[in-house]
Amino acid sequence: MSTCKTGAQSKVYAYHSNAHSSLIIGAGPAGLMAAASFAHLTAIPSASPLSVRIIDKRSTKIFSGQADGLQCRSLEIFDSLGFADRAWKEANHMIEICMWNPDATGIIQRSDRIPDTIVGLSRFQQIVLQQGRIERFFLDNIQKYSGGAIKVERAILPTSLQIGGERVKVTVRKLTEEEATPPQATTGSKSDVTDGLFRSNLVGDDYEDKNITDAKGGEEEVINAKFVIGCDGARSWTRRALGPEFELQGEATDFIWGVMDIIPITDFPDIRMRCAIHSANDGSLMVIPRENRLVRLYIQLKEVTPDASGRADRSKITPELIFGAAQKILRPYKIDYEYCDWWTAYQIGQRISPSFSHPSNKVFLAGDAVHTHSPKAGQGMNVAMQDSFNLAWKVGLVAKGICHPRILDTYQSERRRVAQDLIEFDHKFSRLFSGRPAKDVMDAEGVSMAEFKDAFLKGNLFASGLSVDYGPSSLVVKSGDPGELGDRSGRSRNLEGVRRITVEEFEVKQSLAKGLPVGMRFNSFKVLNQACARPWHFQERLKADGRFRIVLFAGDILDQAQKQRVEVFCDKLSSSNGFMRRATPEGSKIDSVIEVLTIHSAKRTETELLRDFPDILHPFDPHTGWDYNKVFVDDESYHEGFGDAYKNYGVDKEKGCVVAVRPDQYVGWVGELEDFKQLQEYFEGIFLV
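Residue 199 is where the sequence shown starts when you use this note's numbering, and the numbers rise one by one after that.
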């Protein structure tokens with residue numbers, strides 16, 4: 199049993215004997231993503247319904263500042279949860295990046311324009327929107343899908359954690375309003391607004407909680423949970439409670455940057471474009487145009503340097519100093535402001551924890567709790583949310599008794615590798631951005647602007663979140679060494695349930711759907727509903743409701759030989775002793791845990807849903823009739839063109855194939871229609887059938 203205690207004596211002690219499914223510590227974007235994911239799992243039938251609590255030590259959500267960039271993958275996830283449209287409508291859309299560099303005389307000039315998002319990469323492009331609005335969307339979504347059962351409990355401080363047996367015991371304390379309010383600076387100037395320094399890495403680990411004292415003990419409670427997810431930021435209490443072996447490892451640089459959200463008054467021509475600006479001698483600046491006329495400026499502070507301890511004196515950092523640096527960088531252009539919404543400063547550094555989960559797989563860490571880096575690549579909130587999106591469905595399905603606990607091992611192996619890639623990318627990118635531009639090819643100490651542009655272009659794919667490629671595991675059947683392609687932590691890994699496949703065998707399987715790489719997210723192209731001809735982006739049908747999917751590319755269903763192949767596959771799929779029936783709780787609908795979706799390539803107008811497709815592909819319900827929303831066709835639409843899905847997915851239009859998709863939209867397995875035994879083995883390794 200491991201134990202950690204902090205905090206005060208209690209006034210009242212309450213003990214809950216029944217264990218909750220999960221306790222989430224921290225209600226920022228990562229914690230809210232986990233809570234929303236759990237809320238969407240409630241429809242999955244189970245003898246063990248989910249009971250989830252989420253606590254946060256702050257008395258309110260974020261209202262200004264903090265993160266603002268939303269990348270393609272995050273928007274795809276929001277869409278699977280049902281609120282991408284809200285973010286898309288409110289946000290400012292990032293279309294183009296302008297690069298500004300000094301000319302031979304040292305005056306900044308626009309040197310290049312590139313698309314902000316790689317063209318054709320996703321149906322979404324990068325947008326920017328204040329974190330407080332994103333948190334509001336999450337809160338509304340959680341309320342809607344949990345029916346009010348999951349709600350953020352604020353001003354709650356965890357004080358001790360014990361791991362033992364089947365439960366994790368967390369003691370928490372109710373904070374006073376004073377304790378739950380973070381300390382913030384005031385400047386006595388026109389920028390006398392809330393700042394984010396209390397969250398910055400320029401202050402000590404205890405600064406954010408300096409208002410919390412042992413003398414102010416409040417009501418205390420013990421929460422029993424099967425699982426605990428720590429989403430409580432870079433100074434994570436949960437991480438500290440797990441012990442020193444979870445501490446972040448890495449390094450800080452001497453580069454200090456300030457951030458300001460202002461409504462600018464300026465003659466700089468690209469103030470409503472995302473800009474990367476290198477001045478000759480005054481440092482660098484990034485311009486991020488925001489919603490509601492706001493603009494975020496990331497400003498290098500060359501006048502501020504760390505002391506002997508490696509940390510800069512934050513008392514010297516004011517909005518006036520930050521903005522003065524911006525004015526110097528932008529010369530000869532002028533910039534001023536009357537309204538500042540928020541400001542902060544930070545020291546560039548990259549740190550990562552060796553472990554994202556306790557060896558018991560009872561306590562997990564996500565987001566800034568296990569990896570920190572500079573914010574200029576717009577990755578902090580995005581990767582944090584994607585961490586908990588990867589984790590929550592696994593925890594939820596294990597807690598419900600549906601999936602085997604070994605799938606929890608894949609969180610560490612999948613997400614730590616992503617975080618390590620992010621750390622390496624940010625290490626290079628932040629130094630290129632903060633370096634002085636090279637004066638010529640002989641200037642070895644300066645940064646080559648050509649190299650910077652190349653890093654920016656390559657970084658766009660990484661920053662989109664769409665280059666994530668998970669290695670072989672119980673959830674991903676592909677070739678390669680699971681350890682070598684795992685989390686890079688050196689931690690020993692449970693390889694139970696990992697199906698070994700040779701490089702040659704995998705190449706044959708992958709060639710069936712070249713546009714759907716195993717281990718990567720299921721890309722999206724337009725298809726038509728067979729029954730009503732409505733066009734859909736196929737990814738829209740992959741909702742984040744905890745269900746696995748079998749996507750049957752049925753090929754030319756009007757060809758008799760191909761139709762027979764489909765019928766044989768479907769007979770096995772609907773068999774009473776097949777994995778689908780055995781994975782489905784008794785008395786539940788056949789698609790309640792694993793849903794089958796079909797895309798065929800015959801002409802829509804020559805095909806009939808009830809005549810040409812086996813019942814398992816459009817299940818019948820005695821109360822609502824046939825399901826008309828599971829069979830799609832790769833054909834021309836009346837108003838939205840031709841998605842050419844088979845071509846884009848790299849699937850043969852005659853023969854088709856079968857693809858297994860995880861609840862988080864990642865491809866887990868690809869095979870022929872005749873490979874039913876392998877498909878069954880895949881699911882039997884995941885489900886407690």
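All residues carry an ideal CB built from backbone N, CA and C; glycine is no exception.
Worksheet item: Cα-Cα, which of Arg494, Ser477 and Tyr826 is closest to Ile462?
Response: On the sequence shown, residue 462 is found 264 positions in, with the first residue counted as 1. According to the sequence shown, residue 462 is Pro rather than Ile. Nearest of Arg494, Ser477 and Tyr826 to Pro462, Cα basis: Arg494.
Worksheet item: Does DSSP put Cys429 in a helix, in a strand, or in coil?
Response: Counted from its first residue, the sequence shown places residue 429 at position 231. Cys429 falls in the coil class under three-state DSSP.
Worksheet item: Which whole-angstrom value is the C-beta distance of Asp452 and Pro517, which I expect to be below 8 Å?
Response: Taking the first residue of the sequence shown as position 1, residue 452 is located at position 254. Taking the first residue of the sequence shown as position 1, residue 517 is located at position 319. Not really, about 22 Å apart at Cβ, beyond 8 Å.
Worksheet item: Can you tell me whether DSSP reads Ala423 as helix, strand or coil?
Response: Start at 1 with the first residue of the sequence shown, and residue 423 comes out as number 225. Here Ala423 sits in strand by DSSP.
Worksheet entry | Straight-line gap, Leu620 to Val749 (C-alpha atoms, nearest Å) | By one-based count along the sequence shown, residue 620 stands at place 422. By one-based count along the sequence shown, residue 749 stands at place 551. A straight-line Cα-Cα distance of about 31 Å links Leu620 and Val749.
Discussion item. Going by DSSP in three states, Thr385 sits in which element: helix, strand or coil?
Written reply: Locating residue 385 in the sequence shown gives position 187, where the first residue counts as 1. Annotation note: pLDDT 45 at Thr385 (below 50); position unreliable, coordinate value reported separately. Three-state result, Thr385: coil.
Discussion item. Could you compute how far the alpha carbon of Ser278 sits from the alpha carbon of Cys270?
Written reply: Start at 1 with the first residue of the sequence shown, and residue 278 comes out as number 80. Start at 1 with the first residue of the sequence shown, and residue 270 comes out as number 72. Approximately 13 Å between the Cα atoms of the pair.
Item to complete: Please check the pair Phe723 and Ala843, which I expect to be a contact at CB under 8 Å, by giving their CB distance rounded to whole angstroms.
Response: Counting from 1 along the sequence shown, the entry for residue 723 is found at position 525. Counting from 1 along the sequence shown, the entry for residue 843 is found at position 645. Right, their Cβ atoms sit about 4 Å apart.
Discussion item. Please classify Tyr836 as buried or exposed, where buried requires at least 16 neighbouring CB atoms within 10 angstroms.
Written reply: Counting from 1 along the sequence shown, the entry for residue 836 is found at position 638. Answer is exposed; the Cβ neighbour count stays below 16.
Worksheet item: Among all the DSSP beta bridges, which residues are the ones paired with Val887?
Response: On the sequence shown, residue 887 is found 689 positions in, with the first residue counted as 1. Per DSSP, none; premise fails for Val887.
Discussion item. Could you compute how far the alpha carbon of Arg251 sits from the alpha carbon of Ser344?
Written reply: To locate residue 251, count along the sequence shown from 1; it is residue 53. To locate residue 344, count along the sequence shown from 1; it is residue 146. So the two alpha carbons sit approximately 12 Å from each other.
Worksheet item: What is the DSSP secondary structure of Leu726, reduced to helix, strand or coil?
Response: Walking along the sequence shown from the start, residue 726 turns up at place 528. Three-state DSSP puts Leu726 in a strand.
Worksheet item: Around the C-beta of Thr384, are 16 or more other C-beta atoms found within 10 angstroms, so that it is buried, or is it exposed?
Response: Reading the sequence shown from its first residue, position 186 is the one you call residue 384. Model confidence at Thr384 stands at a pLDDT of 47, short of 50, so the residue's coordinates are unreliable; what they give is reported in the following sentence. Of the residues assessed, Thr384 falls on the exposed side of the cut-off, its CB having fewer than 16 other CB atoms within 10 angstroms.
Worksheet item: To the nearest angstrom, how far is it from the Cα of Ala302 to the Cα of Ile475?
Response: By 1-based counting over the sequence shown, the position of residue 302 is 104. By 1-based counting over the sequence shown, the position of residue 475 is 277. Linking Ala302 to Ile475 through their CA atoms gives a straight-line distance of about 15 Å.
Worksheet item: In three-state DSSP terms, what is Thr822?
Response: Your numbering for residue 822 matches position 624 in the sequence shown. It is coil, neither helix nor strand.
Item to complete: For Ala285, collect the residues of the same chain with a Cβ closer than 8 Å to its Cβ; drop the 5 residues on either side in sequence, then sort them by chain order.
Response: On the sequence shown, residue 285 is found 87 positions in, with the first residue counted as 1. Only Leu268, Leu273, Phe276, Ile325, Leu327, Arg331, Ile332 and Phe335 meet the Cβ criterion.
Worksheet entry | Per-residue burial, Gly441 [other beta carbons within 10 Å of its own, 16 or more giving buried] | As a first step, residue 441 must be located in the sequence shown, where it is residue number 243. Per the 10 Å Cβ criterion, exposed.
Practice prompt. Give the straight-line distance between the Cα atoms of Tyr496 and Gly481, rounded to the nearest whole angstrom.
Written response: Working through the sequence shown from its first residue, we reach residue 496 at position 298. Working through the sequence shown from its first residue, we reach residue 481 at position 283. Between Tyr496 and Gly481, the alpha-carbon positions lie close to 11 Å from each other.
Discussion item. At the level of alpha carbons, what is the spacing between Ile533 and Ser555?
Written reply: As a first step, residue 533 must be located in the sequence shown, where it is residue number 335. As a first step, residue 555 must be located in the sequence shown, where it is residue number 357. Rounded to whole angstroms, the separation of the alpha carbons of Ser555 and Ile533 is 47 Å.
Worksheet item: DSSP on Asn479, reduced to helix/strand/coil?
Response: If you number the sequence shown from 1, residue 479 lands on position 281. Three-state result, Asn479: coil.
Worksheet item: Excluding the five sequence neighbours on either side, which residues of its own chain have a C-beta within less than 6 Å of the C-beta of Arg763, listed in chain order?
Response: For the purposes of this step, residue 763 is taken as the residue at position 565 of the sequence shown. Leu871.
Item to complete: Round the Cβ separation of Ile427 and Ala232 to the nearest angstrom and send it over; I've been treating them as touching at under 8 Å.
Response: Mapped onto the sequence shown, residue 427 falls at position 229. Mapped onto the sequence shown, residue 232 falls at position 34. That pair is a contact at about 5 Å.
Discussion item. Which residue marks the beginning of the beta strand (DSSP E) containing Asn139, and which one marks its end?
Written reply: Nothing can be reported for residue 139: it is not among the residues displayed for the chain, which extend from 199 to 887.
Worksheet item: By the 10 Å Cβ neighbour count, where 16 or more other Cβ atoms means buried, how is Arg613 classified, buried or exposed?
Response: One-based indexing of the sequence shown puts residue 613 at position 415. Flag for Arg613 reads buried.
Worksheet item: Do Ile361 and Ile253 come within 7 Å of each other at the CB atom, strictly closer than that value?
Response: The sequence position of residue 253 within the sequence shown is 55, counting from 1. The sequence position of residue 361 within the sequence shown is 163, counting from 1. It is not a contact, given that the beta carbons lie outside the stated cut-off.
Worksheet item: If you scan the segment 713-792 from start to end, which runs of the alpha helix (DSSP H) of 4 or more residues do you find wholly inside it?
Response: Runs of the alpha helix (DSSP H) inside the segment 713-792: 758-771 and 777-781.
Item to complete: Work out the CA separation of Ala711 and Val701 for me, nearest whole Å.
Response: Stepping through the sequence shown from its first residue, residue 701 is reached at position 503. Stepping through the sequence shown from its first residue, residue 711 is reached at position 513. Each residue's Cα considered, the two are about 16 Å apart.
Worksheet item: How many Å lie between Asp769 and Glu445 at the Cα?
Response: For the purposes of this step, residue 769 is identified with residue 571 of the sequence shown, where counting begins at 1. For the purposes of this step, residue 445 is identified with residue 247 of the sequence shown, where counting begins at 1. Glu445 has its alpha-carbon roughly 53 Å from the corresponding atom of Asp769.
Practice prompt. Given a cut-off of 7 Å, decide if Ile515 and Leu483 are closer than it, judged by their beta-carbon atoms.
Written response: Position 285 of the sequence shown, counted from the first residue, corresponds to residue 483. Position 317 of the sequence shown, counted from the first residue, corresponds to residue 515. Taking 7 Å as the Cβ cut-off, Leu483 and Ile515 do not qualify as a contacting pair.
Fill in: Contacting residues, own chain, Cβ-Cβ under 6 Å from Phe881 (five flanking each side not counted)
The residue labelled residue 881 in the question sits at position 683 within the sequence shown. Counting only Cβ-Cβ distances below 6 Å, and skipping sequence neighbours, we find Phe777.
Discussion item. Within 10 Å of its beta-carbon, does Thr436 have 16 or more other beta-carbons around it, so buried, or fewer, so exposed?
Written reply: Here residue 436 refers to the residue found at position 238 when the sequence shown is read from its first residue. With a 10 Å radius around the Cβ and a threshold of 16 neighbouring Cβ atoms, Thr436 comes out buried.
Discussion item. Which residue wins for smallest C-alpha separation from Glu443, given the options Ile605, Pro552 and Cys429?
Written reply: Position 245 of the sequence shown holds residue 443. Here the closest residue by C-alpha is Pro552.
Discussion item. I'd like the list of long-range same chain contacts for Ser672, defined as Cβ closer than 7 Å, with 5 residues on each side in sequence excluded.
Written reply: Here residue 672 is taken as the residue at index 474 of the sequence shown, counted from 1. If we look at Ser672 and ignore the five residues flanking it on each side, its Cβ neighbours are Arg604, Ile605, Thr608, Gly695, Val696, Gly883 and Ile884.
Worksheet item: In chain order, what residues of the same chain have a beta carbon less than 6 Å from the beta carbon of Val568, not counting five sequence neighbours either side?
Response: Taking the first residue of the sequence shown as position 1, residue 568 is located at position 370. For Val568, where only same-chain residues beyond five positions count, the Cβ hits under 6 Å are Ser551 and Phe554.
Fill in: Run of the alpha helix (DSSP H) containing Val706, from where it starts to where it stops
The sequence position of residue 706 within the sequence shown is 508, counting from 1. Note, Val706: alpha helix (DSSP H), Val701 to Gln708.
Discussion item. With distance defined between alpha-carbon atoms, name the residue in Ile223, Gln863 and Ala432 nearest to Val666.
Written reply: As a first step, residue 666 must be located in the sequence shown, where it is residue number 468. Closest option to Val666, Cα to Cα, is Gln863.
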